[in-house]
Amino acid sequence: MTASLLTLDIKGAFDSVLPGRLIHRLREQGWPTNLVLWIASFTTGRSVQIRLDGEIGPSTNITCGLPQGSPVSGILFMLYIAPLFRLGNPRNRFGYADDAANLAISTSLATNCEALSDSLQEALNWGAAEGITFAPDKYELLHFSQHKADQDPTRTPSVKARSITISENTKRLYLQWLGILFDKKLTFKWHVRETASKALTMANALRSLGNTVQGVKPDLLQQAVSACVLHKAYYGAETWWPGRTRPGPSQISNRVGEHLEKLTKVILTGARAVLPVFRTTLKPVLYRESRFSPPEIELDRIALLATVRLRRLDPYHPLRRRAEQIASNGQQISRFARRTLALPNSEQINPLQYAPWHPREPRGNAQARIGAPMGRTKEQAAANFMAFQRTIPSSDIFLRSSLSYGHGKEVFNAEAEAALAGAQAAIAYPTAQFATNLWICLDNLEVAIRLLSPSTGSSQEIFESFHTLAAAWPLRKRLPHTKSGSIQIRWVPGHVKIPENEAADLAAKEGAASIPPAPHKSSYASLKRYAKTQSLSAAQSQWEKVAPQSYQDLEITTSPKRPGELQLNRLDLGHVIAARTGHGDFADYHERFNHDDAYLLCRCGARKAPLHFFFCHIAKRRAPRPPGPPSEVISFLLGTAKGAQKLATWLAETHFFEDICPRQPLLST
Numbered sequence: 001m002t003a004s005l006l007t008l009d010i011k012g013a014f015d016s017v018l019p020g021r022l023i024h025r026l027r028e029q030g031w032p033t034n035l036v037l038w039i040a041s042f043t044t045g046r047s048v049q050i051r052l053d054g055e056i057g058p059s060t061n062i063t064c065g066l067p068q069g070s071p072v073s074g075i076l077f078m079l080y081i082a083p084l085f086r087l088g089n090p091r092n093r094f095g096y097a098d099d100a101a102n103l104a105i106s107t108s109l110a111t112n113c114e115a116l117s118d119s120l121q122e123a124l125n126w127g128a129a130e131g132i133t134f135a136p137d138k139y140e141l142l143h144f145s146q147h148k149a150d151q152d153p154t155r156t157p158s159v160k161a162r163s164i165t166i167s168e169n170t171k172r173l174y175l176q177w178l179g180i181l182f183d184k185k186l187t188f189k190w191h192v193r194e195t196a197s198k199a200l201t202m203a204n205a206l207r208s209l210g211n212t213v214q215g216v217k218p219d220l221l222q223q224a225v226s227a228c229v230l231h232k233a234y235y236g237a238e239t240w241w242p243g244r245t246r247p248g249p250s251q252i253s254n255r256v257g258e259h260l261e262k263l264t265k266v267i268l269t270g271a272r273a274v275l276p277v278f279r280t281t282l283k284p285v286l287y288r289e290s291r292f293s294p295p296e297i298e299l300d301r302i303a304l305l306a307t308v309r310l311r312r313l314d315p316y317h318p319l320r321r322r323a324e325q326i327a328s329n330g331q332q333i334s335r336f337a338r339r340t341l342a343l344p345n346s347e348q349i350n351p352l353q354y355a356p357w358h359p360r361e362p363r364g365n366a367q368a369r370i371g372a373p374m375g376r377t378k379e380q381a382a383a384n385f386m387a388f389q390r391t392i393p394s395s396d397i398f399l400r401s402s403l404s405y406g407h408g409k410e411v412f413n414a415e416a417e418a419a420l421a422g423a424q425a426a427i428a429y430p431t432a433q434f435a436t437n438l439w440i441c442l443d444n445l446e447v448a449i450r451l452l453s454p455s456t457g458s459s460q461e462i463f464e465s466f467h468t469l470a471a472a473w474p475l476r477k478r479l480p481h482t483k484s485g486s487i488q489i490r491w492v493p494g495h496v497k498i499p500e501n502e503a504a505d506l507a508a509k510e511g512a513a514s515i516p517p518a519p520h521k522s523s524y525a526s527l528k529r530y531a532k533t534q535s536l537s538a539a540q541s542q543w544e545k546v547a548p549q550s551y552q553d554l555e556i557t558t559s560p561k562r563p564g565e566l567q568l569n570r571l572d573l574g575h576v577i578a579a580r581t582g583h584g585d586f587a588d589y590h591e592r593f594n595h596d597d598a599y600l601l602c603r604c605g606a607r608k609a610p611l612h613f614f615f616c617h618i619a620k621r622r623a624p625r626p627p628g629p630p631s632e633v634i635s636f637l638l639g640t641a642k643g644a645q646k647l648a649t650w651l652a653e654t655h656f657f658e659d660i661c662p663r664q665p666l667l668s669t
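Residue numbering for the sequence shown follows UniProt numbering, beginning at 1 and increasing consecutively.
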């Protein structure tokens, strides 16, 4: 099989929108009249003035176009050009904003070009009728084929429509669409090369903002590198990263070593921009201290989280439909299929279940309704709940039960499912016909707030079932003198020795210890935690393998998400890392690299060493060091973030590196 991709770009985009046709299109699409009237007011009666050198020109009326910068303009533009993506075979048409693409798949490139020529002709005809033109210099064509004869762009067929002929670019061996550079073999080597080059330029620029003595604080530079360098380097990773190997017993290599080498250089440069370290500092230390993961781990994380997000796409999204088809046939025939099937079975969330403009109960009102803390102490909340509890008739139903929901659930999900199970049991109980209200009391504040509110998050189906049950409660079979009542929610503070809540906690422990049902679905929240845990575990395993001996001696066994040491200034952090690594102003280090001009001795006469600050008798006289055995104190000062803060304070008090153990001997006065 072969595939061919033709990309188009709408000329002018927002400026080409005609308000009258936009309103007509919205009416055809069935949008509410009040919304259409608002959009008509928004797009008509507009004017513009030019301001140059402080002078403002005359007002000029605008009869077409959408205002640049408005968040609604992009949405209206997509609705305006929606018919373009329904021409011919809609499954092979794609678009985002003003960028469109047509895909053709067949057994030969010639057949693909015939199909693309027809698609292009349809697009041109539609554009002519709608007053939309395509930028002639932005047509691009790329063929994908495993046949050697199809690899030479000078010999591949072209797409033709009217007087337009589009051929493969013979000078540039890739096609750019939505920021991704696609090459003929989908190796994405051009894309990685381009993004890594831009990211490296940015990393080097940030590196100039500090050295081992002064400059921008490390934590601020870490944020800058994350936002400006890493996002650029990893752009589109969900699309191009296949993993180092294909899953399965054979472990086939995906030949991504070159990609990882380029990205590794970028990440290490970014780490050196953040950290005040010597050039010889080991790579594992750079990763650990800056908290930038090695590229392979980070790319796996990005790809996995992108796959998790498939479980929260609307029912009409093409990727969701494709994922559902893959789940039904179970065939790992593509990279997308392998990623989809690698995740455990889980719930599917519909983010469009409730529109953002759907009326919702304010959170403050919901908290007041359920008796949330709202500034009260736990003891006050417990006393208030006990007072409320005394108002409930003593003849009410009390049932006790426990069950297991499996390992793929968070506490939040288990609380929601337990609330639903309890309500179902109560409404089915014979004495429900005597009751008026049904009270659901639980100590999970977030679940209590959301039980009677619209949900587009984890356990969505559970919350929907609870809403249905709440609506059915007043309609239950009841005695004539019994009021219909309602299901009401009450938050109860936990761990304050409220007997009923203690009994519920005990039942929960029994349920957790019981055998879970099989098969069971994971919750969306659990799936997100699973994805994050995978990357954290991979980073931790990698650190345990490559941690330098000096770090092992200091019991630095973890690689935190955001090291607290980055809050130090550059000078103090440089001293801490130098002491941890041995790469600094130390006698052994200077002798190792033949630094003939280095000064090797402290003022006390001892050789400079990573731990000398702790034993120097001059420093001891100036300020007392933290008490305790040297092994424990040193591990605390150099092995923890809190210890590093204390060490920085002590070094400042003693002026240790300024006049006791300076880099060069002080000039005599």
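Just so you know, even glycine gets a beta-carbon here, dropped at the ideal spot from N, CA and C. None of these values were measured; they are calculated from a predicted model.
Collapsed DSSP secondary structure at residue i in the structure displayed
| i | result |
| --- | --- |
| Phe463 | helix |
| Cys604 | coil |
| Trp38 | helix |
| Thr245 | strand |
| Ala306 | helix |
| Gln332 | coil |
| Trp177 | strand |
| Thr170 | coil |
| Glu194 | helix |
| Gly210 | strand |
| Phe182 | strand |
Same chain, Cβ closer than 6 angstroms to residue i, neighbours up to 5 away in sequence not counted
| i | result |
| --- | --- |
| Gln121 | Ala161 |
| Gln433 | Lys477, Arg478 and Leu479 |
| Arg663 | Asp585 |
| Asp15 | Gly65 |
| Arg246 | Ile252 |
| Ser167 | Ser158 |
Residue i - containing beta strand (DSSP E), residue span
| i | result |
| --- | --- |
| Gly165 | The sequence given here places Thr at residue 165; Gly does not occur at that position. Taken as a continuous stretch (DSSP letters only), the beta strand (DSSP E) holding Thr165 covers Ile164 to Ile166. |
| Thr156 | Here Thr156 belongs to no beta strand (DSSP E), and DSSP marks it neither H nor E. |
| Trp439 | Leu438 to Leu442 |
| Gln488 | Ile487 to Trp491 |
Neighbourhood of residue i by C-beta distance below 7 angstroms, restricted to the same chain and skipping five residues each side
| i | result |
| --- | --- |
| Leu18 | Cys64 and Gly131 |
| Asn204 | Thr269 |
| Leu260 | Pro295 and Glu296 |
| Ala237 | Leu299, Ile302 and Ala303 |
Alpha helix (DSSP H) segment containing residue i, residue limits
| i | result |
| --- | --- |
| Trp650 | Ala641 to Thr654 |
| Ile449 | Leu445 to Arg450 |
| Ile239 | This sequence places Thr at residue 239; Ile is not what is there. First-last of the alpha helix (DSSP H) with Thr239: Ala237 to Trp240. |
| Ser559 | Looking at the DSSP string, Ser559 is not in any alpha helix (DSSP H), and its letter there is neither H nor E. |
| Lys265 | Gly257 to Val274 |
| Pro71 | Pro71 to Tyr80 |
| Trp126 | Leu109 to Glu130 |
| Ser550 | Gln549 to Asp553 |
| Thr581 | Arg570 to Thr581 |
| Pro19 | Pro19 to Glu28 |
| Lys378 | Lys378 to Gln389 |
Those residues which DSSP pairs with residue i across a bridge
| i | result |
| --- | --- |
| Asn102 | Leu6 and Arg93 |
| Glu140 | Thr7 |
| Ser47 | Asn61 |
| Ser346 | Ser522 |
| Ser253 | Thr245 |
| Ile56 | Arg51 |
| Phe85 | Bridge partners of Phe85: none, in fact. |
| Gly215 | Gly210 |
Same chain, Cβ closer than 8 angstroms to residue i, five either side skipped, listed in chain order
| i | result |
| --- | --- |
| Pro344 | Gly408, Ser522, Leu527 and Tyr530 |
| Glu194 | Leu181 |
| Leu600 | Ala587, His590, Glu591, Arg607 and Lys608 |
| Gly330 | Leu341 |
| Thr669 | The predicted position of Thr669 is uncertain, since its pLDDT is 41 and thus under 50; a value taken from the coordinates is nonetheless stated next. Hits under 8 angstroms: none found. |
Meets three-Cβ-pair contact criterion under 8 angstroms: the segment 200-212 and the segment 173-186: As far as the Cβ criterion goes, the segment 200-212 does not touch the segment 173-186, which means the pair count is below three.
Stretch pair the segment 220-236 + the segment 146-158: three plus CB contacts closer than 8 angstroms: With a cut-off of 8 angstroms, the segment 146-158 and the segment 220-236 do not count as touching, because too few Cβ pairs lie within range.
Cβ pair count under 8 angstroms reaching 3, the segment 224-242 against the segment 298-312: Contact holds: three or more Cβ-Cβ distances are below 8 angstroms.
Segment contact, 8 angstroms Cβ cut-off, at least three pairs: the segment 555-566 with the segment 315-335: At 8 angstroms Cβ cutoff, the stretches do not touch.
Segment contact flag, the segment 466-473 with the segment 357-369, C-beta cutoff 8 angstroms, min 3 pairs: No: fewer than three Cβ pairs fall under 8 angstroms.
contact_flag[the segment 284-292, the segment 304-324] where n(CB pairs < 8 angstroms) is 3 or more: Contact between the segment 284-292 and the segment 304-324 is absent, because fewer than three Cβ pairs lie under 8 angstroms.
Contact between the segment 303-312 and the segment 549-558 (3+ Cβ pairs under 8 angstroms): With a cut-off of 8 angstroms on Cβ pairs, the segment 303-312 is not in contact with the segment 549-558, counting fewer than three such pairs.
Inter-stretch contact (C-beta, 8 angstroms, three-pair minimum) for the segment 361-371 and the segment 484-500: Under the Cβ criterion (8 angstroms, minimum of three pairs), the segment 361-371 counts as touching the segment 484-500.
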